[in-house]
Structure formats: C-alpha cells, structure tokens
Amino acid sequence: MVVVVYFFKLQSIIYNQSFLIHIYAMNRNSAFFLLLCLLLPRMGQAQCYTDFNPGEFYVTVLKSDGTLWGWGFNNYYNLASDLEQNIELTPIQLGTFTDIIGNINGGNNTFVFRSNGTLWGVGQNTNGALGVNSSVDAISNFTQIGSGSWSKVSNRRGFSFFIKNDGTLWGAGVNNSYQMGQGSTTPLSQLSLVQITSASNYVEVVSCASGAGIALRSDGTLWGWGSNSAGLMMQGSSTGVVPLPIQLGTENQWQKISSFGAHILALKTDGSLWSWGEGGYGQTGDGLSPTLFRNTPRRVGTDTWREIATGLFSSYGIKTDGTLWAWGANDYGQLGIGNLIDQPMPVQIGTDTNWDKVKCKSQNFAIASKTDGTLWVWGDNTYGQFGNGTSDNSSTVPVQVPGICLLSSPEVTAASAVLKGYPNPASDIITLDYAAFPEATALVWYDLTGRILRQVPLPHGETQFTEDVSALPVGSYLTALQNKNGQIITQLRVLIAR
C-alpha cells in the first residue's frame with residue numbers, strides 16, 4: 002500500500018492569510034474526503050453574537066450561547082485573564098459563565114449580568130470602584146457585586162454607579178468630589194456599595210471623567226452630583242461641587258444620556274440632541290469656538306438622532322436615517338472620517354445608511370455595527386483593538402472586524418428594562434409581563450441564528466401572556482415584542498432548562 006502526502010492551500014477569510022494543510026492518504030479522492038471531514042464541522046458553527054462593548058483599549062462580544070469573548074489590552078485583568086498587561090490579538094473567552102445575558106464595560110472594567118439577575122465584575126478596582134469591599138488595585142476573576150438583581154452599570158477610573166431592577170441607585174469608589182452623592186467626602190474611598198438617595202425611579206446613569214455622576218429618572222428628568230469643574234451641573238458656572246443629587250434644569254423630556262469624558266450628550270424624546278460640559282476639542286458639536294466649558298445645554302444641529310456615544314474627547318451619533326456621524330478630537334483617527342483633523346461639528350462617516358449601534362469608551366478608537374450584522378472599528382490599533390490578529394495598521398476609516406456576526410439585538414432602554422419573563426430559566430410554561438409596551442401586538446420567538454420559530458398575536462388590552470414552551474429544546478432563545486408595523490420594540494433572552 003502506497004501512502005502519498007497531499008497538500009491543500011486554504012485562504013482564511015478571517016485573518017487574510019494562507020494555510021498549507023498536508024494529509025496522508027492513498028489517493029487524492031481519499032485526501033479530499035478527509036479534508037472535508039476536517040472542515041465541515043467547523044464550517045457549520047456560525048459565530049453569532051448578540052452584543053458588543055468597547056473598553057478603553059479592548060472590546061468584548063457576547064456570544065449567543067451566553068459566553069463572553071474579548072480582545073485587546075488586558076492591562077487591569079479586564080479580559081479576566083491572569084496575564085496582566087498582555088495583548089490579545091484575537092478573541093479569548095472571559096471566564097467560564099454560560100448564562101450571561103448582558104455586558105457593560107468601563108474604561109478598564111468588565112461587568113456581566115447573568116440570567117439569575119446577579120451582577121459580576123472584573124478588572125480595575127482603584128479606590129474600590131468594583132464595590133466588592135476590597136481595596137486591591139485590580140481583580141483578575143469575575144466577582145459578584147452586591148446582591149439582588151441589577152440592570153445598569155457605569156464606570157470611570159476610580160468610581161462606579163449601579164442601578165438595581167427596583168430602580169434604586171448605588172455607588173462605589175473614590176469620593177473626593179462627592180461622587181457618592183452622600184453630602185460628605187467621608188470615606189474618601191467607598192469600598193462597598195452605598196445607596197445614592199432613596200429614589201427608586203432611576204433608569205440610566207453615567208460616570209463622568211470630571212468626577213461627576215448624572216442620572217436619568219423614569220419621569221424624564223436629569224439629576225447630577227459631584228464635581229462641577231466642567232459645568233455639567235447646569236449651575237451657570239464651571240466651578241464648585243454638588244454634594245447631593247439635584248435636578249439639572251427643569252426639562253422632563255430626556256430619553257438617553259452618554260458620557261465618558263467631561264462632556265455629555267443627551268437625547269430628548271423628540272429626537273433632538275443636546276450637549277454641554279468640556280468642549281475644548283469640539284466634542285460638544287455645537288459649532289462654537291472651542292472654548293473649554295459649556296455650562297448649559299446647546300442643541301447639536303437640527304436633525305433627529307436615535308443613538309449616541311462619547312469618547313474621552315470625541316462624540317458619535319446615528320441619525321434616524323441610519324447615517325453615522327462623529328465630531329471632536331481626531332488625533333488618532335478616532336472620528337473615522339479619513340483624516341486626523343479635529344471637528345467642531347458633526348461630520349458624516351462614509352455614506353452608508355444602515356448603521357445600527359455606535360459605542361466608545363476610549364480616547365483613541367470607536368466601534369459600530371450595521372443592520373446587516375457586521376461590526377466595524379476605526380482609530381488606534383496599538384493594543385489589538387481591531388481583533389484582526391494585528392497590533393498595527395491603525396485606520397482613519399472603519400474596517401470590518403473579522404469573523405463576527407451580530408444578531409439583531411435592540412438596546413434595552415429605560416422602558417424595556419421592565420420587560421420580564423418568569424420563571425426564567427423556564428421548563429414548560431413562561432409568563433411574559435409586557436405592561437410597559439401597550440403598543441405591542443405580537444410575540445415572536447427566535448433561535449440564536451435569528452430564525453423565526455413562531456409568531457403569536459397578543460390579546461388586546463392585556464399586560465401578560467403565558468406561553469407553552471414545552472416543545473422547545475433546551476437552550477437559549479430570544480423572544481421579541483412587535484408593534485402593528487412589524488417593528489421589534491424590545492426583546493428578552495429566555496433560557497429553556499429541564
């Protein structure tokens with residue numbers, strides 16, 4: 002019997018590299034058959050993800066099987082790897098959880114929400130920012146934060162804010178500028194969680210680089226506390242501190258807020274975009290001369306917007322027509338407009354009209370998804386933020402992140418945070434409570450490839466619906482509410498376990 006070595010050259014579409022595979026077989030047909038046996042199992046495994054989130058020098062993606070993956074700089078164990086200061090050029094799994102339903106990153110911290118409602122964190126813990134009653138500078142393994150169920154997290158170096166499912170607001174970390182909203186700077190480092198006011202209607206919160214906190218309540222009002230050094234407190238100045246939360250202005254039409262630096266973007270319910278705070282690089286986008294601070298909100302343009310994001314000195318937004326825009330500092334090409342020139346007003350990124358989400362938690366790069374499921378990144382790639390196997394080839398225009406397929410996953414907004422399914426995990430029966438969505442007309446079930454399994458009309462005027470799931474195999478599913486126009490208005494991950 003003669004055995005021949007056959008060589009096959011394959012081209013990787015993920016890493017744009019060629020690979021030479023050699024197979025020992027009696028003839029070429031047998032060798033080709035063995036090659037198919039090797040490749041087909043992997044070809045059938047689609048890498049589907051439901052969300053993405055950047056950090057300061059890294060990116061994480063939530064896989065449809067409930068696991069979390071990431072790449073980039075592990076400078077504070079934020080990739081849950083013991084190899085601190087290591088650079089991961091391609092995705093690695095963070096921890097071992099298989100029931101993660103949500104993920105939010107700070108600059109150098111990674112937070113995950115598990116299906117039982119608990120919140121876990123890893124990474125930088127300077128001044129006790131993770132709220133786990135420890136003063137160590139960094140934590141390398143996911144550690145549970147507090148007790149009960151949580152819905153929101155916002156972190157800046159040294160301090161964090163958290164919102165529970167009951168709408169209460171909590172804080173941890175440095176308190177030298179009244180960041181904990183307690184009316185006192187004692188202790189200077191809050192190592193365990195402390196509640197900020199007794200109100201229970203908080204739906205969103207941001208931690209600002211200037212040492213301030215700004216929160217959105219369910220009644221559409223904004224509240225702020227901490228340092229006013231950037232004019233964020235709307236007090237007519239850019240000095241002083243606010244020891245306890247106060248209402249910012251008198252408006253009650255705020256819908257969404259974003260801040261990573263010392264400026265803030267805020268959307269109203271009418272789709273208008275407003276900004277204030279530090280504007281020295283044009284990041285407030287109001288077109289005025291780049292003076293340092295704005296202490297009252299100014300509208301950004303006249304168009305309507307649906308998505309916003311902020312970097313340290315840059316800003317991003319997606320208009321209602323699906324176009325993507327950026328403004329502010331551009332020294333790393335982080336605006337994605339093909340040059341390194343700062344922009345005092347919004348400039349369109351490319352010409353596409355199918356942008357879905359845009360996110361930034363950095364000074365030097367940003368990342369966005371399109372409605373076709375592709376993921377795009379631009380700016381600096383020194384720490385492998387592009388996830389393409391390199392730590393160079395930075396880009397001033399968006400480049401596609403290889404090997405990523407994002408499933409449609411509408412953002413959980415303030416209203417949709419109250420969409421509930423119980424029990425979850427479910428075995429035979431699940432009850433969905435959709436009282437916050439009177440416009441919902443149908444319930445749609447998807448598997449995690451995005452395939453529709455079934456669509457059920459919802460009874461008019463009802464707020465709960467009980468669904469028999471006994472025929473569904475064990476696994477993870479998405480159930481979505483649909484309005485009369487066929488648009489998805491919110492969704493919930495449901496685990497089937499028996």
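This note's numbering numbers the first residue of the sequence shown as 2 and each following residue consecutively.
The C-beta atom is built at its ideal place from N, Cα and C for all residues, glycine as well.
Note that this is a predicted model, so its numbers are computed, not measured.
Start-to-end residues for the beta strand (DSSP E) that takes in residue i
i: Glu279; result: Leu274 to Glu279
i: Val243; result: Val242 to Gln248
i: Ile309; result: Trp306 to Thr311
i: Ser228; result: Leu223 to Ser228
i: Lys485; result: It is not in any beta strand (DSSP E) - Lys485 carries neither H nor E in the DSSP assignment.
i: Glu468; result: Gln465 to Asp469
i: Asp52; result: Cys49 to Pro55
i: Phe366; result: Phe366 to Lys371
i: Gln196; result: Ser190 to Gln196
i: Gln145; result: Ala139 to Gln145
i: Asn461; result: In the sequence on display, residue 461 carries His and not Asn. It is not in any beta strand (DSSP E) - His461 carries neither H nor E in the DSSP assignment.
i: Leu473; result: No beta strand (DSSP E) holds Leu473; DSSP gives it neither H nor E.
i: Ser260; result: Ser260 -> no beta strand (DSSP E), and no H or E assigned at all.
Given residue i as reference, the closest of the options once Cα atoms are compared
i: Glu205; options: Ser230, Leu90, Arg115 and Phe162; result: Phe162
i: Ala443; options: Val457, Leu433 and Asn75; result: Val457
i: Leu217; options: Ala310, Gly225 and Glu57; result: Gly225
i: Asn425; options: Val348, Leu249, Leu63 and Tyr478; result: Tyr478
i: Thr270; options: Gln256, Gly280 and Gly281; result: Gln256
i: Val348; options: Val445, Ala81 and Gly283; result: Gly283
i: His264; options: Gly281, Val62 and Asp66; result: Gly281
i: Gly302; options: Gln196, Thr292 and Trp328; result: Trp328
i: Phe438; options: Ala81, Gly462 and Ile338; result: Gly462
i: Thr383; options: Tyr59, Arg115, Gly107 and Asp322; result: Tyr59
i: Gly318; options: Lys485, Trp446, Ala367 and Leu80; result: Ala367
i: Ser116; options: Thr240, Gly149 and Ile258; result: Gly149
i: Gly147; options: Ile164, Asp322, Lys371 and Ser208; result: Ile164
i: Val175; options: Gln335, Thr127, Ser395 and Leu84; result: Thr127
i: Thr169; options: Ser201, Val123, Asp138 and Leu63; result: Ser201
i: Gly323; options: Gly334, Asp357 and Gln86; result: Asp357
i: Gly107; options: Val207, Pro92 and Asn394; result: Val207
i: Leu63; options: Glu85, Tyr77 and Thr99; result: Thr99
i: Glu440; options: Thr491, Pro399 and Cys361; result: Thr491
i: Gly502; options: Glu85, Val123 and Asn109; result: Any answer about residue 502 is impossible in this case: the structure gives the chain only from 2 up to 499.
i: Ile405; options: Lys371, Val154 and Thr352; result: Lys371
i: Pro188; options: Ser136, Gln236 and Gly214; result: Ser136
Cβ pair residue i, residue j closer than 8 Å
i: Ala173; j: Gln145; result: no
i: Asn54; j: Ile105; result: yes
i: Trp70; j: Gln94; result: yes
i: Asn229; j: Val243; result: yes
i: Val470; j: Ala498; result: no
i: Ser152; j: Asn142; result: no
i: Asn296; j: Ser238; result: yes
i: Ser340; j: Thr397; result: The identity of residue 340 in the sequence shown is Asn, whereas the question assumes Ser. Taking 8 Å as the Cβ cut-off, Asn340 and Thr397 qualify as a contacting pair.
i: Thr61; j: Thr111; result: yes
i: Gly487; j: Ser395; result: no
i: Ala139; j: Tyr78; result: yes
i: Glu279; j: Leu293; result: yes
i: Gly232; j: Trp277; result: yes
i: Ser193; j: Asn134; result: yes
i: Asn76; j: Leu84; result: no
i: Trp446; j: Leu459; result: no
i: Leu289; j: Ser315; result: no
Cutoff 7 Å; reference residue i; Cβ partners in own chain excluding five residues on either side
i: Thr467; result: Ile430 and Thr432
i: Val495; result: Gly422, Asn425, Ala427, Ile431, Tyr478 and Thr480
i: Asp373; result: Asn355
i: Ser392; result: Ile88, Leu90, Asn382, Thr383, Tyr384 and Gly385
i: Met181; result: Gly172, Gln191, Val195 and Ile197
i: Phe34; result: Per-residue confidence for Phe34 stands at a pLDDT of 43, beneath the threshold of 50, marking its modelled position as unreliable; the derived number appears in the next sentence. If we look at Phe34 and ignore the five residues flanking it on each side, it has no Cβ neighbours.
Same chain, Cβ closer than 6 Å to residue i, neighbours up to 5 away in sequence not counted
i: Trp275; result: Ala267, Pro298 and Arg300
i: Val402; result: Leu376, Val378 and Gly388
i: Thr73; result: Reading off the sequence shown, one finds Gly at residue 73, where the question assumed Thr. Cβ neighbours of Gly73 beyond the five flanking positions: Phe58, Tyr59, Val60, Tyr384, Gly385 and Gln386.
i: Ala310; result: Ser259, Tyr317, Val359, Lys360 and Cys361
i: Lys434; result: According to the sequence shown, residue 434 is Asp rather than Lys. Lys421 and Gln465, listed in sequence order.
i: Pro399; result: Gly337, Trp377 and Trp379
Beta-carbon contacts of residue i that lie in its chain and below 8 Å, excluding the five residues immediately before and after
i: Leu313; result: Ala210, Phe261, Gly262, Ala330, Ser363 and Gln364
i: Gly247; result: Here the sequence assigns Ile to residue 247, which means Gly is not the residue at that position. Closer than 8 Å at Cβ, skipping near neighbours: Trp224, Gly225, Trp226 and Met234.
i: Trp326; result: Tyr317, Gly318, Ile319, Lys320, Pro347, Val348, Gln349 and Ile350
i: Gly118; result: Gly149, Ser150, Trp151 and Asn166
i: Asn306; result: Position check: residue 306 holds Trp in this sequence, whereas Asn was assumed. Excluding positions up to five away in sequence, the list reads Leu268, Gly272, Ser273, Leu274, Gly318, Ile319, Lys320 and Thr321.
i: Gln483; result: Ala441, Thr442, Ala443, Leu444, Val445, Gln456, Ile489 and Ile490
Min CB distance residue i to chain D below 8 Å
i: Phe163; result: No chain D appears in the structure shown, which is made up of a single protein chain.
Distance cut-off 7 Å: residue i Cβ against heavy atoms of the ligand NAP
i: Thr68; result: The model depicted lacks the ligand NAP and carries no ligand whatsoever.
Residue ranges of each beta strand (DSSP E) within the stretch 318-360, 3 or longer:
325-329, 344-349 and 356-360
Which ranges does the beta strand (DSSP E) cover as unbroken runs of at least 3 residues, wholly within the stretch 89-127, from first to last along the chain?
101-106, 110-115 and 120-125
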